[in-house]
């Protein structure tokens, strides 16, 4: 397969996903959860018949700032400004008074300072992971492989960020963990291909770089596909059967893994070719 | 001969694995520590509030931690975990308490005891306290009896002498609890706090005063409380999801790679035991993202096998004998697996360093998983492949 020759097509496919995501990121940003913005989320189970509107009407007698109510089955998520323990108790009491049995599932409150720290730590963690990666790959392979791998990482991070912005899926601290895992995983994918290129280069056959890269990709293609499949099995099972609390976490990883498999085949190696051919 | 002994060894290995799985399943299930998100509980992050003349140093936090631990023990708050975070924060995690929020509220009270004269001058403080005990008097209700140390006794004698006939206020955290009129000079070093207490409140107050005042006051930065229903729900659902995912992987491997697939499946069982056993042994906490990491690491553990098998297939296609192909396949796969896993491990370790709570649990599980998968693939899988190769040289079983 002439993957390197047709690299422009693959770049365009990626850009078709990334550019709308980037525009969305600039226009509407991410749907930040309370881990970033501060505030409280109360999660309760009432009854399937109760509507979000009914819950909202109970809330209206409280001064909760801009309260949002979301319903999923019998479970309700009530997001408000940061509430004290007493306020949460009063709120629960009022809901019990209206709907009878209300089962407490969880309550989270996050102060405004935490969000800033989280953002700072996330950026720091991403930078440190990226630099360590670059150093490791430069030592074990060479600098251009490192750069190409970083381009692949950025590709995957942008795909996940962009889609989360486009669909306005909520982003919390676990999202950062998901992003970092995507980075680790996609670099793993990329390394396997690069490793093959490195090995084939060492044979010093008389073939041009494009052919060599294509051959290396094809030799590792089975592995790339099978590995993303087995990981996807685990993630899809979690998405289908796991609780609502980790759905978005798992979704971020699934998107990232698929993007990672794609970029390790169609982006990272062609980018390495561009660098190498011009060097 | 070689064939018979290989069959024997394989049978022993499989029997040993089955035996281990059967006997370790219960103890692992019972003993592995579950995070608050899976069992229900409260996690609170407190931050020391700097006030004038009160600088927060690591030493302050250490002192506060000691006092808090003391309180946890004497108040009988069950299953509590206390640890510092950063330079000025303390994390309290409480599981299995009926009203964990009330427990935290009680724990974090500063409990600064002071005696004031009518002008509001501080006469003496809780620093000079030797003991505090709650008692219930049938007429006067619940109260707390105080006993001062030597210096406190002197100060209190002087204070009662100077304020004879006037009121002395007993103040806790700037709230006046009672303000009795001084009738006598008290030289015994004893005093009583009367107030509108229930027996329980008097008991708690005595404990707080005995443990000493916190060197600084704390405010709540972050609070996450998971009800037992949600915890049990998440645990059940994610275990189910995990099992479904693992079975899907096992079937895929068997179907696609045939005999080596079977070996991969056997290796995976060892791998799962190894990861869960290590977590148990290290006392690592299994959180909800941790279960996701475990399911995920199964997929990654298979990856090492996939890399090896694809290599072996290639070598077989080049016309090598089975044993030579296995040897060559491993030799070549080794470097790939090492490089690929180390880069993943780097991100897991960065995450472990920056993450807190459940996220840390995710990173810990992922790191253990990555190391275990490398060990299993490079040692156990290789040994099993060679054993099977001794039995049959039919390369069709290897998908070639």
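Chains as they are written, first to last, in UniProt numbering: chain A, 1 to 279; chain B, 1 to 400. Where is the CB? At the ideal position from N, CA and C, for every residue including glycine.
Of all residues in the region 266-300 of chain B, those with a C-beta nearer than 7 Å to a C-beta of chain A are 288, 289, 292, 295, 296, 298, 299, 300, reading in chain order. Per DSSP, the unbroken alpha helix (DSSP H) holding residue 2 of chain B starts and ends at 2-31. For residue 156 of chain A, there are no C-beta contacts with chain B under 7 Å, since the nearest C-beta of that chain is about 12 Å from it. What residue 245 of chain A touches in chain B, judged by beta-carbon distance under 8 Å, is 37, 230, 234, 288, going in chain order. For residue 299 of chain B, there is no enclosing beta strand (DSSP E); the enclosing alpha helix (DSSP H) covers residues 288-317. With contact defined as three or more Cβ pairs closer than 8 Å, the region 265-282 of chain B and the region 297-312 of chain B are in contact. Take the alpha-carbon of residue 39 of chain A and the one of residue 340 of chain B: they are about 40 Å apart. Residue burial annotation: residue 160 of chain A is buried, with at least 16 other C-beta atoms found within 10 angstroms of its C-beta. Annotation: Cβ neighbours of residue 221 of chain B in chain A (cutoff 7 Å, chain order): 111, 113, 114. Neighbours of residue 103 of chain A in chain B, taken as residues whose beta carbon is under 8 Å from its own, are 227, 229 in chain order. Interface flag for residue 347 of chain B against chain A is set, since a Cβ pair is found closer than 8 Å.
Secondary structure at residue 80 of chain B: strand, using DSSP grouped into helix, strand and coil. Judged by beta-carbon spacing, residue 209 of chain B lies within the 8 Å limit of residue 129 of chain B, meaning their Cβ atoms are closer than that value. Of B:379, B:326, B:335, the smallest CA-CA separation from residue 390 of chain B is found for B:326. Here residue 86 of chain A is exposed. Its C-beta has fewer than 16 other C-beta atoms within 10 Å. As a beta-bridge residue in DSSP terms, residue 77 of chain A pairs with A:43, A:70. Counting the other Cβ atoms within 10 Å of the Cβ of residue 216 of chain A gives 16 or more, which makes it buried. Taking a 10 Å sphere around the C-beta of residue 30 of chain B, we find fewer than 16 other C-beta atoms and assign the residue as exposed. Under a criterion of Cβ atoms nearer than 8 Å, no residue of chain A is adjacent to residue 398 of chain B; the nearest Cβ is some 14 Å distant. The beta carbon of residue 47 of chain A lies closer than 7 Å to those of 74, 99 in the same chain, with the five residues before and after it left out. Interface criterion met: the Cβ of residue 248 of chain B is under 8 Å from a Cβ in chain A. In the structure shown, residue 245 of chain B adopts helical secondary structure according to DSSP, grouped into three states. Residue 173 of chain A has a beta carbon lying within less than 8 Å of a beta carbon in chain B. By the beta-carbon neighbour count (other beta carbons within 10 angstroms, threshold 16), residue 160 of chain B is buried. Residues are counted here when their Cβ sits less than 7 Å from a Cβ of chain B; for the region 185-207 of chain A these are 185, 187, 188, 191, 192, 195, given in chain order.
The distance from the Cβ of residue 126 of chain B to that of residue 242 of chain B is about 52 Å, inconsistent with a contact at the 8 Å cut-off. For residue 108 of chain A, the neighbours in chain B by C-beta distance under 9 Å run, in chain order, 222, 223, 224, 225, 226.
In this model, residue 49 of chain A and residue 199 of chain B are separated by some 44 Å (Cα to Cα).
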